[in-house]
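Undergrad: Residue numbers (this note's numbering), protein chains in the order written: chain Y, 46 to 531; chain C, 40 to 548.
The beta carbon of each residue, even a glycine, is placed where N, CA and C say it ideally should be.
1) Please identify the residue among C:261, C:41, C:468, C:342 whose C-alpha is closest to the C-alpha of residue 318 (chain C).
2) When the cut-off is 9 Å and only beta carbons count, does residue 475 (chain Y) lie next to chain C?
3) Under a three-way DSSP split, which group does residue 76 (chain Y) fall into?
4) Use the C-beta contact count for residue 300 (chain Y): other C-beta atoms within 10 angstroms, 16 or more gives buried, fewer gives exposed.
5) Does DSSP put residue 89 (chain C) in a helix, in a strand, or in coil?
6) DSSP on residue 395 (chain C), reduced to helix/strand/coil?
7) Buried or exposed, going by whether 16 or more other CB atoms sit within 10 Å of the CB of residue 208 (chain C)?
8) My understanding is that residue 220 (chain Y) touches residue 302 (chain Y), with C-beta atoms under 8 Å, so please give their C-beta distance in whole angstroms.
9) Which chain C residues sit within Cβ distance under 8 Å of residue 485 (chain Y)?
10) From this set, C:113, C:103, C:53, which residue's C-alpha is nearest residue 160 (chain C)'s C-alpha?
11) Using CA atoms only, rank isn't needed, just tell me which of Y:193, Y:124, Y:339 is closest to residue 365 (chain Y).
12) Are the CB atoms of residue 339 (chain C) and residue 426 (chain C) nearer to each other than 9 Å?
13) Count the other CB atoms, across all protein chains shown, that sit within 10 Å of the CB of residue 313 (chain Y); report buried if there are 16 or more and exposed otherwise.
14) Flag this pair as yes or no: are the beta carbons of residue 485 (chain Y) and residue 388 (chain Y) separated by less than 9 Å?
15) In angstroms, rounded to a whole number, what distance separates the CA positions of residue 404 (chain C) and residue 473 (chain C)?
16) Quick one: using the 10 Å Cβ neighbour count with 16 as the cut-off for buried, is residue 76 (chain Y) buried or exposed?
17) Tell me whether the beta-carbon of residue 248 (chain Y) lies closer than 9 Å to the beta-carbon of residue 165 (chain Y).
18) If you draw a straight line from the alpha carbon of residue 503 (chain C) to that of residue 342 (chain C), how long is it in whole angstroms?
19) Hey, is the segment 146 to 160 of chain Y in contact with the segment 104 to 121 of chain Y, meaning 3+ C-beta pairs nearer than 8 Å?
20) Taking only three categories from DSSP, how would you classify residue 359 (chain Y)?
21) Look at the alpha carbon of residue 196 (chain C) and the alpha carbon of residue 510 (chain Y), and state the distance between them as a whole number of angstroms.
22) Taking any Cβ of chain C, which residues in the segment 514 to 529 of chain Y have a Cβ under 7 Å from it, in chain order?
23) Contact check, residue 335 (chain Y) vs residue 274 (chain Y) under 8 Å by CB: the rounded distance?
24) Please report how far the alpha carbon of residue 417 (chain C) lies from the alpha carbon of residue 443 (chain C), in whole angstroms.
25) Just tell me which of C:60, C:358, C:100 has its CA closest to the CA of residue 41 (chain C).
26) Where residue 142 (chain Y) and residue 307 (chain Y) are concerned, what is the direct C-alpha to C-alpha distance, given to the nearest angstrom?
27) Return the CA-CA distance between residue 73 (chain C) and residue 53 (chain C), expressed in angstroms with no decimal places.
28) With a CB to CB cut of under 6 Å and the five nearest residues on each side skipped, what residues in its chain are close to residue 495 (chain C)?
29) Would you say residue 456 (chain Y) reaches chain C, if we count a Cβ-Cβ gap shorter than 9 Å as a contact?
30) On the criterion of 16 or more Cβ atoms from any shown chain inside 10 Å, does residue 453 (chain C) qualify as buried, or is it exposed?
31) Starting from residue 451 (chain Y), find everything on chain C with Cβ-Cβ shorter than 9 Å and list it in chain order.
32) In chain C, what lies closer than 8 Å to residue 69 (chain Y) by C-beta?
33) Quick one: which chain C residues come within Cβ less than 8 Å of residue 440 (chain Y)?
34) Determine the closest residue to residue 548 (chain Y) out of Y:470, Y:434, Y:440, with distance taken between C-alpha atoms.
35) Among C:143, C:194, C:90, C:170, which residue has its Cα nearest to the Cα of residue 56 (chain C)?
36) Using a Cβ cut-off of 9 Å, pull out every chain C residue sitting near residue 409 (chain Y), in sequence order please.
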């Protein structure tokens, strides 16, 4: 007789709410064709509900830790975990989604009838990634990854009338599918070597057994890392990022980049640190090498870009390297804190790009930013803070984040990686400064950009968060410290 | 109290931010008035400061406990003069910036934030906190050079930023390394200077870490051969920026060497004496020789800084009472005299819009007061007895002669070269008959300009005639540094390089 799996609705409540929200948005749109604003409210309502559900999960996770009963956090026959790690990542995803929708609101509204599609896709992408970060089972993780990624491919091509947008979507889709194939093939090989799909079971397997001919597992690890490396745009798997960041509609790029990074790194941390923690002598050198390469490639290539969005894409490559430094460090606190503050800075920076260069266009030349400080000092000041935050200067959250991952990596014996990382940060200063130079030290007579209120809120919030977490990082650091995987 | 000293300029900057941007005539006077408040507070701290070893007015608030980082401030005889100097120069730098006509409000705001950062660097006793201030300073200074600077300002600003950031990035690695070693050896994390000094390091890693810290500070000083950013930054910076750059920012380097390198890595410091001493002396001579041939007055003063700061580094690594005291007091002296020289160059630049020496000549006749001030500052800079520069250079040379005799002899040559390039520059600019038409109609200093220079002149005289006022407060702390090095290493300061242990015993002189 087949026993049905026990069902724990709360474990998947946020994802369920978002998927239902997406369905409601689409159905309502078909039936009543309301203004996009109404659909936006539905989206906002779904997000609030999902955050509420995640809060309930957080309490459950804390109770389980207090009661020393981790078993209660494993749901659906070991498919889904509700641990602190998943909860933190979900909060980050939901926050990024909210900021992303607000920052891209003008674009979504401007899509007219297709606005509903954009909103539904955004919610589906978040639902998929949210499942991904909570998956215990690698196949489940793959499903979440695909749900999220496919929604993002479509979002990238949302501006059908512009060829760049099509190009971005096709590129993203083709390379992204390759990456997904790598990932699932790696999962298959890990299964071949261990007979297990579940993260916790794989860990238990390596606790008990020593694999005598580990080649299959090793190749599997390599493929999984490569697949996730694509998703988080780590070098040398980053070649899609600049074109996609530039071609996709500016209104949603910030969101796309932020959620893909959060989910990709959460999955990477779960697989490498939890499942394969015992094999770290195998993957540490690979990840360290990728981290070093990403930091150097990202920082140096960003130097020569003339387009702010391409620059941010390469800066994203460098940041992938910094976060991988945190993976090498092996502490989820550093990784999660970095992901949270970087997502916030990225969304804020793209909100500024939307304000200056327009939400749908493909151009965001650095020339648009010349003399911005004179035209709209508030916007320029905000962008400067966000850029300095990304650069990791003290008194911004970026510094605390970098410091955390550097200290972790040093602690785990990768001193050379820390040296590479600090040098790469100095190279990175140069291109962040380039934008600041353009804004503050060049003069040009271009009109001040009109600021949409939603963009203004996003920029304001992200700037405040960047400074506040830079001076008082304690609360977020504590949250990240308590967000441990099972 | 010390927290207030840091937050007062920040509060002043916030006040400035809310002043309407259109009321340009208000910005500078208000900024100057606000910047007098930290000066008053620093004066009070100077007054209540007891001449004794160890840190006073210590404040400790946990910042993020699990990492062991703290808002940890304290002041001793080494940082006290620097704090007073900083608060003293900021109002002068602001008052000297009347030629800044655009974005005056932002200029004042950046200057005040810079002041807060500089005070923070001198007061921080937690390495994390120190690094935060050390790096944060770059931002306002970068904007000051980049927005209000001369023609190649963007180049100079970026070069300044990247160069110094490169040095401090490696120091960040060093701080992390120390903190990680500390928490593995003592079981709890800490970034406090006193704690990290206890870390047990292998000689090899101590040398690497010494190098990482020394590089950061050597770039800041700047020690030869890391000085190339300095002339660019100085030449392009506005006058007020130059005053603060030379007066205080460079001292972050010499202060850091004295405070952090000597305390954290006493063994490696003793080993590094020949290298650091040689680099310092090379800098002294190189800076002086390059100054001789500079066609540009501002560049001449900039290169003379390279030379003068070489003396301070030499004094620091002489590891004698005289050397260390001389280094600390020379930090102040150089801040005053070079700051004043930059002011003077700025004043003539505002009148003639050129800094080229060859464009002048015979100014003595046209601007006698100006010439008088200039000559006075030159004498102070050369180290004429009775003026402040003499005290510092004399102490440094005496102090370093005990331990590094050959280097001290060469360094003394730098004093002579300084006399050559400064007096020769004076001769070309001021003596003779004014030939150029533009020079004949120049107006002499206004009352405002004289009031800028007068306080500096007064301090130069006070420190020259009564150096004990300051030395009494400095000496216990520098002696404590020497005691510490003697305790930690096999190094013993040779006689007569030591004042003796009187201060440690707390009996007074």
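TA: Here's the rundown:
1) On the second chain, residue 318 (chain C) is found 279 positions in, with the first residue counted as 1. Closest by alpha carbon: C:261.
2) Here residue 475 (chain Y) is taken as the residue at index 430 of the first chain, counted from 1. Judged by the 9 Å Cβ criterion, residue 475 (chain Y) is in contact with chain C.
3) Here the question's residue 76 (chain Y) lines up with position 31 in the first chain. Residue 76 (chain Y): helix per DSSP, three-state reduction.
4) Position 255 of the first chain holds residue 300 (chain Y). Buried, because 16 or more other Cβ atoms sit within 10 Å of the Cβ of residue 300 (chain Y).
5) For the purposes of this step, residue 89 (chain C) is identified with residue 50 of the second chain, where counting begins at 1. Reduced to three states, the DSSP call for residue 89 (chain C) is coil.
6) Counted from its first residue, the second chain places residue 395 (chain C) at position 356. Here residue 395 (chain C) sits in strand by DSSP.
7) On the second chain, residue 208 (chain C) is found 169 positions in, with the first residue counted as 1. Its Cβ being crowded by 16 or more others within 10 Å, residue 208 (chain C) is buried.
8) Along the first chain, one-based indexing puts residue 220 (chain Y) at 175. Along the first chain, one-based indexing puts residue 302 (chain Y) at 257. Residue 220 (chain Y) to residue 302 (chain Y), Cβ: 15 Å. No contact.
9) By one-based count along the first chain, residue 485 (chain Y) stands at place 440. Residues of chain C passing the Cβ test: 182, 185, 186.
10) Along the second chain, one-based indexing puts residue 160 (chain C) at 121. Ranking the options by Cα distance to residue 160 (chain C), first place goes to C:113.
11) Taking the first residue of the first chain as position 1, residue 365 (chain Y) is located at position 320. Taking only the C-alpha atoms, the option nearest residue 365 (chain Y) is Y:339.
12) Start at 1 with the first residue of the second chain, and residue 339 (chain C) comes out as number 300. Start at 1 with the first residue of the second chain, and residue 426 (chain C) comes out as number 387. Against a cut-off of 9 Å, the Cβ pair of residue 426 (chain C) and residue 339 (chain C) comes out as no contact.
13) In the first chain, the residue the question calls residue 313 (chain Y) occupies position 268. With 16 or more Cβ atoms within 10 Å of its Cβ, residue 313 (chain Y) is classed as buried.
14) Taking the first residue of the first chain as position 1, residue 485 (chain Y) is located at position 440. Taking the first residue of the first chain as position 1, residue 388 (chain Y) is located at position 343. In this structure, residue 388 (chain Y) does not lie closer than 9 Å to residue 485 (chain Y) by Cβ.
15) For this step, residue 404 (chain C) is matched to residue 365 along the second chain. For this step, residue 473 (chain C) is matched to residue 434 along the second chain. If you take the alpha carbons of residue 404 (chain C) and residue 473 (chain C), they lie about 8 Å apart.
16) As a first step, residue 76 (chain Y) must be located in the first chain, where it is residue number 31. Burial call: exposed.
17) Position 203 of the first chain, counted from the start, is the residue given in the question as residue 248 (chain Y). Position 120 of the first chain, counted from the start, is the residue given in the question as residue 165 (chain Y). In this structure, residue 165 (chain Y) does not lie closer than 9 Å to residue 248 (chain Y) by Cβ.
18) If you number the second chain from 1, residue 503 (chain C) lands on position 464. If you number the second chain from 1, residue 342 (chain C) lands on position 303. Approximately 24 Å, taken between the alpha carbons.
19) no
20) One-based indexing of the first chain puts residue 359 (chain Y) at position 314. It is helical.
21) Taking the second chain and counting its residues from 1, one reaches residue 196 (chain C) at position 157. Taking the first chain and counting its residues from 1, one reaches residue 510 (chain Y) at position 465. When rounded, the distance between both Cα atoms is 28 Å.
22) 518, 519, 522, 526
23) Residue numbering aside, residue 335 (chain Y) sits at position 290 when the first chain is read from its first letter. Residue numbering aside, residue 274 (chain Y) sits at position 229 when the first chain is read from its first letter. Right, the Cβ-Cβ distance comes to about 6 Å (below 8 Å), so this counts as a contact.
24) Start at 1 with the first residue of the second chain, and residue 417 (chain C) comes out as number 378. Start at 1 with the first residue of the second chain, and residue 443 (chain C) comes out as number 404. Cα to Cα, residue 417 (chain C) sits roughly 28 Å from residue 443 (chain C).
25) As a first step, residue 41 (chain C) must be located in the second chain, where it is residue number 2. Of the listed residues, the one whose Cα sits closest to residue 41 (chain C) is C:100.
26) Along the first chain, read from residue 1 onward, the residue named residue 142 (chain Y) stands at position 97. Along the first chain, read from residue 1 onward, the residue named residue 307 (chain Y) stands at position 262. Their backbone Cα atoms lie some 11 Å apart in a straight line.
27) Working through the second chain from its first residue, we reach residue 73 (chain C) at position 34. Working through the second chain from its first residue, we reach residue 53 (chain C) at position 14. Their backbone Cα atoms lie some 11 Å apart in a straight line.
28) Sequence index remark: in the second chain, residue 495 (chain C) carries index 456 (1-based). Around residue 495 (chain C): 375, 379.
29) By one-based count along the first chain, residue 456 (chain Y) stands at place 411. Chain C contact via Cβ: present.
30) In the second chain, the residue the question calls residue 453 (chain C) occupies position 414. The residue in question, residue 453 (chain C), is buried, as its Cβ has 16 or more Cβ neighbours within 10 Å.
31) Position 406 of the first chain, counted from the first residue, corresponds to residue 451 (chain Y). The answer, in chain order, is 211, 212, 215.
32) Translated into the one-based positions of the first chain, residue 69 (chain Y) becomes position 24. Under the 8 Å cutoff, chain C gives no residues; its nearest Cβ is about 43 Å from residue 69 (chain Y).
33) Taking the first residue of the first chain as position 1, residue 440 (chain Y) is located at position 395. Chain C residues near residue 440 (chain Y): 171, 175.
34) For chain Y, the structure presents residues 46 to 531; residue 548 (chain Y) sits outside this window and is missing.
35) Against the second chain, residue 56 (chain C) aligns to sequence position 17. Among C:143, C:194, C:90, C:170, the Cα nearest to that of residue 56 (chain C) is on C:143.
36) Taking the first residue of the first chain as position 1, residue 409 (chain Y) is located at position 364. In chain order: nothing, as chain C lies at least about 21 Å away.
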